[in-house]
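So the sequence shown is numbered by the numbering used here: it starts at 559 and just counts up by one.
Even for Gly, the Cβ is constructed at its ideal location relative to N, Cα and C.
Okay, structure first, notes after.
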Amino acid sequence: MYHCYNPKRLGRLLLLDGIAIILVLFLSHLGKLVFSAEIPKNSVFLPIVMYHSVTPDTYSAYQVTQTQLRNDLRYLSEHGYETVSAAQLIAYANGKGSLPEHPVMLTFDDGFYNNLSLALPLLEEFDMCAVVSVVGQFTQELAPEDSHADAYSYLTWEDINALLQSGRVEIGSHTYDLHSMDTRAGCSIRYGEDAAAYTKLLRDDLTQLQGLMQEETGIMPIAFAYPFGYICKESIPVLRELGFQCTFTCYERPNYITREPDCLFGLDRYNRSGDVETEAFFERVLAQEG
Numbered sequence: 559m560y561h562c563y564n565p566k567r568l569g570r571l572l573l574l575d576g577i578a579i580i581l582v583l584f585l586s587h588l589g590k591l592v593f594s595a596e597i598p599k600n601s602v603f604l605p606i607v608m609y610h611s612v613t614p615d616t617y618s619a620y621q622v623t624q625t626q627l628r629n630d631l632r633y634l635s636e637h638g639y640e641t642v643s644a645a646q647l648i649a650y651a652n653g654k655g656s657l658p659e660h661p662v663m664l665t666f667d668d669g670f671y672n673n674l675s676l677a678l679p680l681l682e683e684f685d686m687c688a689v690v691s692v693v694g695q696f697t698q699e700l701a702p703e704d705s706h707a708d709a710y711s712y713l714t715w716e717d718i719n720a721l722l723q724s725g726r727v728e729i730g731s732h733t734y735d736l737h738s739m740d741t742r743a744g745c746s747i748r749y750g751e752d753a754a755a756y757t758k759l760l761r762d763d764l765t766q767l768q769g770l771m772q773e774e775t776g777i778m779p780i781a782f783a784y785p786f787g788y789i790c791k792e793s794i795p796v797l798r799e800l801g802f803q804c805t806f807t808c809y810e811r812p813n814y815i816t817r818e819p820d821c822l823f824g825l826d827r828y829n830r831s832g833d834v835e836t837e838a839f840f841e842r843v844l845a846q847e848g
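Below, the structure is given as structure tokens:
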């Protein structure tokens, strides 16, 4: 359950959670229908976990408690899994470096303040890293209004810099202002929409966040998380043009990483619901490893 610290923010979270639950179920079912069982040769199995909010003592389908997160990281560590960054994946896919024997990636969507206050200390405790994908409008406009409440606040620019300075977190893009279902499904093209108009809209939105990131933090995100997992082929040229080298979906499927950079576009992730115990969750997620 939620504690009602901020009714306005709480309403937003509940709405997004409700939408996301439906979408993940639909996408997961669809993914099972279209996913090929053929595993690429010489590939590396990579499960990716999708977290959102971390709270002191409440949980839901899109929230885990700090204790649950600690249990997750302990489980992965005890079973020999090592976290990898987006930069490591990109280097590997481009023929440089290597990956651990049992890699895993941790991602956090939306840019909640608790990713800094509650999740980062655990990443440090277990010597792990993660990708935090932020929504520009949340950071630029919502975070300053009501900052630093573990239950609902978003990351400020100062918070994002603190994450970067930790050396354990990469910042990804979750769009500037397309994390919505008001006029379209996330950042996907609408049925019948002019392709040129869509390209301009997406480019303008992503460029706005990239520019703010450069100005406020000195970095340019190379990872992109599709809001609600809604992907479309028309987005890919724009993402490539703006320098993104890996993208995340919400399909609940395993990934097999090769030395081909294209394999990083459309990385699938398992939503970490607080309604599931650590062992049961990871038994399902890790079952695809040979």
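Query	Result
When DSSP builds the beta bridges, which residues end up paired with residue 730?	691
Assign residue 661 to one of three DSSP states: helix, strand, or coil.	strand
Give me the Cα-Cα distance between residue 642 and residue 753, rounded to the nearest whole angstrom.	35 Å
Is residue 647 near residue 815, with beta carbons less than 8 Å apart?	yes
Cβ atoms of residue 734 and residue 694: under 8 Å apart, would you say?	yes
Residue 726 and residue 687 - do their beta-carbons sit closer together than 8 Å?	yes
Measuring only the C-alpha atoms, how far is residue 717 from residue 649?	27 Å
Looking at the unbroken alpha helix (DSSP H) that takes in residue 603, where does it start and where does it end?	Careful: residue 603 lies outside any alpha helix (DSSP H), inside the beta strand (DSSP E) at 602-604.
Could you pull out every residue in the same chain whose Cβ sits closer than 7 Å to the Cβ of residue 748, ignoring the five residues on either side in sequence?	742
How long is the line joining the alpha carbons of residue 588 and residue 785, rounded to whole angstroms?	Since pLDDT at residue 588 reaches only 48, below the 50 mark, its modelled position is unreliable, and the value read off the structure follows with that caveat. Using only the alpha carbons, I get a separation of about 17 Å.
Could you give the uninterrupted runs of the beta strand (DSSP E) lying entirely in the region 760-791, keeping only those of 3 residues or more?	781-783
So residue 836 is in the alpha helix (DSSP H); what residue range does that whole segment cover?	836-843
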